[in-house]
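Every position in the sequence shown, counted from 1, becomes a number in this note's numbering once 3 is added.
Quick reminder that beta carbons are idealized off the backbone N, C-alpha and C, glycines included.
Only a predicted model underlies this, so the values are computations on that prediction, with no experimental measurement involved.
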Amino acid sequence: MKKNLTDSDLIDSIAAKAKITKRQANSLLDSLADTITDALKRGESVRIPNLGIFSRVPLKKPRTTDDFYEEQREQEKESDRKTNLKLIAAVGKKKKPKEARTSAKRYITDPNVAVYAKRQAGGKCQLCTQPAPFNYGEGDPYLEVHHIVWLAKGGEDTPQNAVALCPNCHRKMHILDREGDKRTLCEKAKQTFAAS
């Protein structure tokens, strides 16, 4: 297995090759690192023969899942202007989709809040009032817990702020976020919480 060169090994090697003490080699290495760092802070590049070029590379802010969906939606809007023939021609022979990496912040929610919201819904979406679209293998209705005031916007993970929605209504709330729908859900959450 290949061994990595440690700081100590590097200092020993510099001292031996330059015929200086280890303390001098350490000071030389620190000075080199400081000089490179200062130049990079000023926005300059540093070229060291036989070693390479040091330059600042701006870090890209990771794309969030919301950014990804927004970009996808914008691309779809552009494609929507094309005729079907142009759409098919644009697809060409491409078969496999590209991959994209996104970053997402997830909230670890209280399972008690989720169970409470789903129980209060009684197997029906609390927005469209339709029965859950399907049941889990154990027979429980599939509904998704939605926080009326989103957790990302400072909402609390409490029964008063949680409702159970079908997947379509849940997606609708996150895309459209209509005030009338929010009022409806707030009222339902208050009613079910007061009744329990």
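Status (buried if at least 16 other CB within 10 Å, exposed otherwise) for residue i
i: T9; result: exposed
i: Q78; result: exposed
i: C128; result: buried
i: L188; result: buried
i: C131; result: exposed
i: I151; result: buried
i: Q123; result: buried
i: Y119; result: buried
Backbone CA spacing between residue i and residue j [nearest angstrom]
i: P134; j: L168; result: 10 Å
i: N115; j: R66; result: 32 Å
i: T68; j: T105; result: 6 Å
i: D12; j: N29; result: 11 Å
i: V166; j: E190; result: 11 Å
i: I178; j: R45; result: 43 Å
Closest by C-alpha distance to residue i, when choosing among the options
i: F57; options: E47, K63, L90; result: E47
i: A192; options: E182, T161, H173; result: T161
i: S34; options: I14, P52, N53; result: I14
i: L32; options: L54, I17, K99; result: I17
i: D143; options: G158, A36, G126; result: G126
Beta carbon proximity, residue i to chain D, threshold 8 Å
i: T112; result: Chain labels in this structure do not include chain D; a single protein chain is all it has.
Range covered by the beta strand (DSSP E) that runs through residue i
i: A165; result: 165–168
i: E141; result: E141 -> no beta strand (DSSP E), and no H or E assigned at all.
Extent of the continuous alpha helix (DSSP H) to which residue i belongs
i: G183; result: 182–198
- Message: Report the start-end ranges of each beta strand (DSSP E) in the region 60–130 that is 3 residues or longer and not cut off at the edges.
- Response: none
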